[in-house]
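K.L.:
Number of protein chains: 2
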Amino acid sequence: MPGSLPATAQATWPNDVGIIALEIYFPSQYVDQTELEKFDGVSAGKYTIGLGQSKMGFCSDREDINSLCLTVVQRLMERNNLSYDCIGRLEVGTETIIDKSKSVKTVLMQLFEDSGNTDVEGIDTTNACYGGTAALFNAVNWVESSSWDGRYALVVAGDIAVYATGSARPTGGAGAVAMLVGPNATLILERGLRGTHMQHAYDFYKPDMVSEYPVVDGRLSIECYLSALDRCYSTFRNKIHAQWQKEGNDEPFNLNDFGYMIFHSPYCKLVQKSLARLLLNDFINDPNPNTESGVYEGLDSFRDVKLENTYFDRDVEKAFLNASSELFNEKTKASLLVSRENGNMYTPSVYGCLASVLAQYSPQQLAGQRIGVFSYGSGFAATLYSIKVTQDATPGSSLDKLTSSLSDLKVRLDSRKNVSPSIFAENMKLREETHHLASYIPQGTVDDLFAGTWYLVRVDEKHRRYYARSSLMDDLPREAALESVRLSTANEHIPSPAKKVPRLPDTAEAISVTNGEH
Amino acid sequence: MPGSLPATAQATWPNDVGIIALEIYFPSQYVDQTELEKFDGVSAGKYTIGLGQSKMGFCSDREDINSLCLTVVQRLMERNNLSYDCIGRLEVGTETIIDKSKSVKTVLMQLFEDSGNTDVEGIDTTNACYGGTAALFNAVNWVESSSWDGRYALVVAGDIAVYATGSARPTGGAGAVAMLVGPNATLILERGLRGTHMQHAYDFYKPDMVSEYPVVDGRLSIECYLSALDRCYSTFRNKIHAQWQKEGNDEPFNLNDFGYMIFHSPYCKLVQKSLARLLLNDFINDPNPNTESGVYEGLDSFRDVKLENTYFDRDVEKAFLNASSELFNEKTKASLLVSRENGNMYTPSVYGCLASVLAQYSPQQLAGQRIGVFSYGSGFAATLYSIKVTQDATPGSSLDKLTSSLSDLKVRLDSRKNVSPSIFAENMKLREETHHLASYIPQGTVDDLFAGTWYLVRVDEKHRRYYARSSLMDDLPREAALESVRLSTANEHIPSPAKKVPRLPDTAEAISVTNGEH
Numbered sequence: 017m018p019g020s021l022p023a024t025a026q027a028t029w030p031n032d033v034g035i036i037a038l039e040i041y042f043p044s045q046y047v048d049q050t051e052l053e054k055f056d057g058v059s060a061g062k063y064t065i066g067l068g069q070s071k072m073g074f075c076s077d078r079e080d081i082n083s084l085c086l087t088v089v090q091r092l093m094e095r096n097n098l099s100y101d102c103i104g105r106l107e108v109g110t111e112t113i114i115d116k117s118k119s120v121k122t123v124l125m126q127l128f129e130d131s132g133n134t135d136v137e138g139i140d141t142t143n144a145c146y147g148g149t150a151a152l153f154n155a156v157n158w159v160e161s162s163s164w165d166g167r168y169a170l171v172v173a174g175d176i177a178v179y180a181t182g183s184a185r186p187t188g189g190a191g192a193v194a195m196l197v198g199p200n201a202t203l204i205l206e207r208g209l210r211g212t213h214m215q216h217a218y219d220f221y222k223p224d225m226v227s228e229y230p231v232v233d234g235r236l237s238i239e240c241y242l243s244a245l246d247r248c249y250s251t252f253r254n255k256i257h258a259q260w261q262k263e264g265n266d267e268p269f270n271l272n273d274f275g276y277m278i279f280h281s282p283y284c285k286l287v288q289k290s291l292a293r294l295l296l297n298d299f300i301n302d303p304n305p306n307t308e309s310g311v312y313e314g315l316d317s318f319r320d321v322k323l324e325n326t327y328f329d330r331d332v333e334k335a336f337l338n339a340s341s342e343l344f345n346e347k348t349k350a351s352l353l354v355s356r357e358n359g360n361m362y363t364p365s366v367y368g369c370l371a372s373v374l375a376q377y378s379p380q381q382l383a384g385q386r387i388g389v390f391s392y393g394s395g396f397a398a399t400l401y402s403i404k405v406t407q408d409a410t411p412g413s414s415l416d417k418l419t420s421s422l423s424d425l426k427v428r429l430d431s432r433k434n435v436s437p438s439i440f441a442e443n444m445k446l447r448e449e450t451h452h453l454a455s456y457i458p459q460g461t462v463d464d465l466f467a468g469t470w471y472l473v474r475v476d477e478k479h480r481r482y483y484a485r486s487s488l489m490d491d492l493p494r495e496a497a498l499e500s501v502r503l504s505t506a507n508e509h510i511p512s513p514a515k516k517v518p519r520l521p522d523t524a525e526a527i528s529v530t531n532g533e534h
Numbered sequence: 017m018p019g020s021l022p023a024t025a026q027a028t029w030p031n032d033v034g035i036i037a038l039e040i041y042f043p044s045q046y047v048d049q050t051e052l053e054k055f056d057g058v059s060a061g062k063y064t065i066g067l068g069q070s071k072m073g074f075c076s077d078r079e080d081i082n083s084l085c086l087t088v089v090q091r092l093m094e095r096n097n098l099s100y101d102c103i104g105r106l107e108v109g110t111e112t113i114i115d116k117s118k119s120v121k122t123v124l125m126q127l128f129e130d131s132g133n134t135d136v137e138g139i140d141t142t143n144a145c146y147g148g149t150a151a152l153f154n155a156v157n158w159v160e161s162s163s164w165d166g167r168y169a170l171v172v173a174g175d176i177a178v179y180a181t182g183s184a185r186p187t188g189g190a191g192a193v194a195m196l197v198g199p200n201a202t203l204i205l206e207r208g209l210r211g212t213h214m215q216h217a218y219d220f221y222k223p224d225m226v227s228e229y230p231v232v233d234g235r236l237s238i239e240c241y242l243s244a245l246d247r248c249y250s251t252f253r254n255k256i257h258a259q260w261q262k263e264g265n266d267e268p269f270n271l272n273d274f275g276y277m278i279f280h281s282p283y284c285k286l287v288q289k290s291l292a293r294l295l296l297n298d299f300i301n302d303p304n305p306n307t308e309s310g311v312y313e314g315l316d317s318f319r320d321v322k323l324e325n326t327y328f329d330r331d332v333e334k335a336f337l338n339a340s341s342e343l344f345n346e347k348t349k350a351s352l353l354v355s356r357e358n359g360n361m362y363t364p365s366v367y368g369c370l371a372s373v374l375a376q377y378s379p380q381q382l383a384g385q386r387i388g389v390f391s392y393g394s395g396f397a398a399t400l401y402s403i404k405v406t407q408d409a410t411p412g413s414s415l416d417k418l419t420s421s422l423s424d425l426k427v428r429l430d431s432r433k434n435v436s437p438s439i440f441a442e443n444m445k446l447r448e449e450t451h452h453l454a455s456y457i458p459q460g461t462v463d464d465l466f467a468g469t470w471y472l473v474r475v476d477e478k479h480r481r482y483y484a485r486s487s488l489m490d491d492l493p494r495e496a497a498l499e500s501v502r503l504s505t506a507n508e509h510i511p512s513p514a515k516k517v518p519r520l521p522d523t524a525e526a527i528s529v530t531n532g533e534h
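Chains A and B, in that order, are what the protein sequence lines are.
Taking the numbering used here, the leading residue of the first sequence gets 17, the next gets one more, and so forth.
Taking the numbering used here, the leading residue of the second sequence gets 17, the next gets one more, and so forth.
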């Protein structure tokens, strides 16, 4: 019986709670940033070099936050051969709000209907791009608490990031990530190691309830992001240092103690600057840095810099970008694959970076590494925490399965359709005019969707939304594939093997990752 | 150092995690439901008897979700002499969304500024009226997890419930509840005892992003509420029965095992029907009920009733309302004080019921009792869980302090201003037209607000909101009091005694409740 821990139980936390499986979804179409520069009439390189973006994924009016999350959850469940009754918690982090009351979580409960499992805790959580991280922390806490009933938690982060025409438009994107959370995980959240900083600011917010577009104070947002990074890194470093001291190690923590370092990525260039900023933090924090040679060589003149005065200091930025370039290549660059090719996904952004790392390094390169994760949501809420990758990199290990499941990431990105800037602009216009309408039938084609993508069929006169799923059978002629699309979720997902609630296996071995459906 | 649990820690959950202090805020003005019946031209008794409502609190354009939450949090901190640096987590449950991205939580961080404490986890969580319960569960899980750093969690539930003119309008209300969560609590959440049911439905939702009003399918919503109650009660009963069996007790659980039973209250009459429905559940679940005498007397003809066929069965409803009337008076009636006098507050509704119980029974009547709690949020998400009240009812005990802090509840309700239905209607019209505007200066008077109430001063051209607080000095002439209102939060709250982070005391004794500020 789930949740039936005896009243007198004094249980210990289960071992190694964290991420067991991860699925990422992004739209099947994109606009090229070089073409967008021309279309927008801006100088060449403004988006591609200035922002560091190469492509931007976007949704037609066929996709909304519900469909994105339906797609990514069902893909995760299918690719890991999971039954819906082994999920005891499901929480969605999003800032793509299409209903002020009804959660995306309740929409996802349609996927659970055949299993008969309705005892699934968790709802939606919101603060800009931070919602996915909040949901992940809540899930991990749940597994460690007396509320845990032995089942997995599912964490979903999804958003559609769109901006009004102007300088922010090329920083859009869209997508969703789903993560399976439980004990004996492959990516273990390190206990007690969270540096959190929350503060009131109007740097980026969405007060115009009828628009998908935010109000952005670009300069303030960068200052908030970088100051949060400073604060979170400082707190994180202090906490890990205190842990190490208890273990007899008095070394200070610095960037080298992260095998990989990933960031929430509004655009790639800010991430590169952020990695440089961590080096600046290390430098200022070092009582006696060697400026004669090594990574700090030539930085002596920056010895007395105050962090709070350097958010827009070009000299400091340039010097530390330069000094950290090798560290960036080693620890961060690979994480920007999805961000660079698909854009900012808001809540899933930093988990898209995680997916990018897992997709591009071998289990051997990842095993035992500490991955630093900086999550930022405007308004603002930020945490820097760390993930420890399991040691076992052997074929068939959980790490091998996890990386295998993401090994097609580049192929999937490359298989997307390149859409011209004018068609992209038309799509944005269409969304502007119709995303909030009742009695609406979407106009976008469903032919180009990835196999197994949920899409919006109609919105009725009472704003109720109805969805269908594109066929999983990519190799069928399109007509036949479309015929197999159904309006209800019935029989769309893998039938549950049993109505009884299975408990988690002691290891994650029971999860078999399939990888041949794209 | 908060959060610096050693990496190798295998800690057990702390004892008795739950609610330590509770503060409730409601508007200082109400409309009388008898007068509203006349004003609306409906039959006498439609609202007062049919719905069971006597008064409805409402906000002018001076209050919004941010101000409600600022008010209730600061009142809780002040009345319990708490320093802001002893809070390690703060989460807000609300469905009153005035920004799609920026959380209310970040606005509340203004209260923390003087303390220098920004390491405060948690953001906002949303699914209709369920958000407060989700936030409470998240807070309790946090305290039991490795993420806990020894500090308190704060859970805030707040909403403004307003409806378009018509039959739903008298079911509005407004308010906020703040709860302090930690170990060694006065109201202990019983471990492993949660019956949760989540399902997709469009019973009540808010797809019109520019309106404060929901779309409601009244009949469907009642069916969802009652079916969720059935499912949650069944799961709860099974879980507690399994616990009892492990302890050697094979008795089935029934209503008598709750000292008090409280419900999310859209309107009081539905709660009375819900208590009756739990008796119906007990009756159906009893293999051999005595229909000759006692509570089931004369109910023999309902022996073969199927729950799912009875949501709108008048005969069943009448028979079990009648049979449960004494149970209702004993276990539930007192909980409806705030609901009856202030209306539905959405997320805080069920916690207003909890406050009502604590305000009207003595520590001796409450000590050791199990309080059943049914939380429901449309869309829909529901949980039935249980709270165990501590045994110690002696003067000065934490239970004595908690009940004392709420003992003025009736006086506070009675001190509100009775406003005519026409003025109420004007206020609703004003909110309709202005609640979403930029460059707006609210028109409502601040003279009638309770002492220490935060209110909206203006919304600037970029939708940024600015607040001030009415004086805590009720006995000053109004002019003097108004002079003391400030635009910033600086110095508004009790200065933190120390910048260092205090850890929780082993018992809740350190919290001294003051109670003389209204």
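Think of the CB as a built atom: it goes at the ideal place given N, C-alpha and C, for glycine as much as any other residue.
Indicate whether at least one CB of chain A lies closer than 8 Å to the CB of D140 (chain B).
P.N.:
Translated into the one-based positions of the second sequence, residue 140 (chain B) becomes position 124. Yes, because at least one Cβ of chain A sits closer than 8 Å to the Cβ of D140 (chain B).
K.L.:
So, do the segment 405-414 of chain A and the segment 329-344 of chain A have three or more beta carbon pairs nearer to each other than 8 Å?
P.N.:
no
K.L.:
Within 10 angstroms of the Cβ of A514 (chain A), are there 16 or more other Cβ atoms? Answer buried if so, exposed if not.
P.N.:
Indexing the first sequence from 1 puts residue 514 (chain A) at position 498. Note that A514 (chain A) scores 29 on pLDDT, short of 50, meaning its location in the model is unreliable; the coordinates nonetheless yield the value given after this. Residue environment: A514 (chain A) is assigned as exposed (fewer than 16 neighbouring CB atoms within 10 Å of its CB, all protein chains considered).
K.L.:
Going along the chain, which residues of the segment 202-215 of chain B sit with their C-beta nearer than 9 Å to a C-beta in chain A?
P.N.:
Within the segment 202-215 of chain B, those residues whose Cβ lies closer than 9 Å to any Cβ of chain A are, in chain order, L205, E206, R207, G208, L209, R210, G211, T212, H213, M214 and Q215.
K.L.:
Considering only DSSP beta bridges, list what Q407 (chain B) is partnered with.
P.N.:
As a position in the second sequence, residue 407 (chain B) is number 391, starting the count at 1. None; Q407 (chain B) has no bridge partner.
K.L.:
Please state the DSSP three-state secondary structure of M489 (chain B).
P.N.:
If you number the second sequence from 1, residue 489 (chain B) lands on position 473. Annotated three-state conformation of M489 (chain B) is coil, per DSSP.
K.L.:
Write down every uninterrupted run of the beta strand (DSSP E) in the segment 43-109 of chain B whose length is 3 residues or greater and which is fully enclosed by it, in chain order.
P.N.:
45-48, 71-73 and 103-109
K.L.:
Go to M277 (chain A), then tell me how far its beta strand (DSSP E) extends in each direction, as first and last residue.
P.N.:
As a working note, residue 277 (chain A) is residue 261 in the first sequence. Y276 to F279 is the extent of the beta strand (DSSP E) around M277 (chain A).
K.L.:
Quick check: what's the CA-CA separation for A484 (chain A) versus M489 (chain B)?
P.N.:
Mapped onto the first sequence, residue 484 (chain A) falls at position 468. Mapped onto the second sequence, residue 489 (chain B) falls at position 473. Whole-angstrom Cα-Cα distance: 60 Å.
K.L.:
Taking C-alpha atoms, which residue in B:S351, B:P30, B:W158 and B:L323 lies nearest to Y377 (chain B)?
P.N.:
Residue numbering aside, residue 377 (chain B) sits at position 361 when the second sequence is read from its first letter. The option with the nearest alpha carbon to Y377 (chain B) is B:S351.
K.L.:
Between the Cα of A155 (chain A) and those of A:L124, A:N97 and A:V33, spot the shortest distance and give me the residue it belongs to.
P.N.:
If you number the first sequence from 1, residue 155 (chain A) lands on position 139. It is A:V33 whose Cα lies nearest to the Cα of A155 (chain A).
K.L.:
At a Cβ cut of 8 Å, what residues of the segment 287-311 of chain B count as close to chain A, listed as they run along the chain?
P.N.:
For the segment 287-311 of chain B, which is checked against every Cβ of chain A, not one residue is closer than 8 Å.
K.L.:
Once the 5 residues before and after V435 (chain B) are set aside, which same chain residues still bring their CB inside 6 Å of it?
P.N.:
Your numbering for residue 435 (chain B) matches position 419 in the second sequence. Only Q45 and V47 meet the Cβ criterion.
K.L.:
Does the structure place the segment 367-376 of chain A close enough to the segment 189-199 of chain A that three or more beta carbon pairs sit under 8 Å?
P.N.:
yes
K.L.:
Using a cut-off of 8 Å between C-beta atoms, extract the partners of G147 (chain B) located in chain A.
P.N.:
As a position in the second sequence, residue 147 (chain B) is number 131, starting the count at 1. In chain order: I139.
K.L.:
For the alpha helix (DSSP H) containing G147 (chain B), list its first residue and its last residue.
P.N.:
Taking the first residue of the second sequence as position 1, residue 147 (chain B) is located at position 131. First-last of the alpha helix (DSSP H) with G147 (chain B): G147 to E160.
K.L.:
Considering only the alpha carbon of each residue, which of B:L294, B:D246, B:S423 and B:P458 lies closest to A398 (chain B)?
P.N.:
What you label residue 398 (chain B) is simply residue 382 of the second sequence in a count that begins at 1. Comparing Cα-Cα distances from A398 (chain B) to each of B:L294, B:D246, B:S423 and B:P458, the minimum goes to B:D246.
K.L.:
Counting only C-beta atoms, is K322 (chain A) closer than 8 Å to chain C at any point?
P.N.:
Considering every chain present, this structure includes no chain C. Its protein chains are A and B.
K.L.:
Does the pairing of the segment 162-181 of chain B with the segment 171-178 of chain A give three or more beta-carbon distances under 8 Å?
P.N.:
no
K.L.:
I'd like to confirm the pairing. Which residues does DSSP put opposite I300 (chain A) in its beta bridges?
P.N.:
Along the first sequence, read from residue 1 onward, the residue named residue 300 (chain A) stands at position 284. In DSSP, I300 (chain A) forms no bridge with anything.
K.L.:
Quick test of your reading: V108 (chain A) and S119 (chain A), contact by CB under 8 Å. State the CB separation rounded to the nearest angstrom.
P.N.:
Locating residue 108 (chain A) in the first sequence gives position 92, counting from the first residue. Locating residue 119 (chain A) in the first sequence gives position 103, counting from the first residue. Confirmed, about 7 Å.
K.L.:
Counting pairs of beta carbons, one from the segment 324-332 of chain B and one from the segment 345-360 of chain B, are three or more of them closer than 8 Å?
P.N.:
Not touching, per the Cβ criterion.
K.L.:
Taking Cβ positions only, does E508 (chain A) come closer than 8 Å to chain B?
P.N.:
Looking up residue 508 (chain A) in the first sequence gives position 492. Residue placement at E508 (chain A) is flagged as unreliable, the pLDDT there being 34, under the threshold of 50; the coordinate-derived value follows with that caveat. No, its Cβ sits nowhere closer than 8 Å to a Cβ of chain B.
K.L.:
Assuming K285 (chain A) and L429 (chain A) form a contact by the criterion Cβ under 8 Å, report the distance between their Cβ atoms to the nearest whole angstrom.
P.N.:
Stepping through the first sequence from its first residue, residue 285 (chain A) is reached at position 269. Stepping through the first sequence from its first residue, residue 429 (chain A) is reached at position 413. Your pair K285 (chain A) and L429 (chain A) does not check out as a contact, with CB atoms roughly 20 Å apart and the cut at 8 Å.
K.L.:
Within a Cβ cutoff of 7 Å, which residues of the same chain sit near A244 (chain A), ignoring the five residues on either side of it in sequence?
P.N.:
In the first sequence, residue 244 (chain A) corresponds to position 228, counting from 1. Only H213, Y392, F396 and A398 meet the Cβ criterion.
K.L.:
Identify which residue in A:F74, A:V473, A:L127 and A:Y312 has its Cα closest to the Cα of S99 (chain A).
P.N.:
As a working note, residue 99 (chain A) is residue 83 in the first sequence. Of A:F74, A:V473, A:L127 and A:Y312, the residue nearest in Cα terms is A:L127.
K.L.:
Compare the Cα-Cα distances from F269 (chain B) to each of B:E263, B:F279, B:I278 and B:F252 and report the closest residue.
P.N.:
Counted from its first residue, the second sequence places residue 269 (chain B) at position 253. If we check each option's Cα against that of F269 (chain B), B:F252 comes out closest.
K.L.:
Which one or two residues does DSSP pair with E137 (chain A) in a beta bridge?
P.N.:
The residue labelled residue 137 (chain A) in the question sits at position 121 within the first sequence. When DSSP reads this structure, E137 (chain A) sits in a beta bridge with A:R105.
K.L.:
How many whole angstroms separate the CB atoms of V366 (chain A) and F279 (chain A), which I take to be in contact at a CB cut-off of 8 Å?
P.N.:
Looking up residue 366 (chain A) in the first sequence gives position 350. Looking up residue 279 (chain A) in the first sequence gives position 263. At roughly 7 Å, the Cβ-Cβ gap stays under 8 Å, so V366 (chain A) and F279 (chain A) are in contact.
K.L.:
Once you ignore the five residues that flank R91 (chain A) on each side, which residues in its own chain have a CB closer than 7 Å to its CB?
P.N.:
One-based indexing of the first sequence puts residue 91 (chain A) at position 75. The answer, listed in chain order, is E39, Y41 and G468.
K.L.:
Just to confirm the assignment: which complete beta strand (DSSP E) runs, minimum length 3, are found wholly within the segment 154-236 of chain A?
P.N.:
168-177, 189-198 and 203-214
K.L.:
So is Q407 (chain A) buried or exposed if we call it buried at 16+ other beta carbons inside 10 Å?
P.N.:
Stepping through the first sequence from its first residue, residue 407 (chain A) is reached at position 391. It counts as exposed.
K.L.:
Which term fits I36 (chain A), buried or exposed, when burial requires 16 or more other beta carbons within 10 angstroms of its beta carbon?
P.N.:
For the purposes of this step, residue 36 (chain A) is identified with residue 20 of the first sequence, where counting begins at 1. Counting Cβ neighbours within 10 Å, I36 (chain A) comes out buried, since at least 16 surround it.
K.L.:
Is A398 (chain B) helix, strand or coil by DSSP?
P.N.:
To locate residue 398 (chain B), count along the second sequence from 1; it is residue 382. In the structure shown, A398 (chain B) sits in a strand (DSSP, three-state: E or B).
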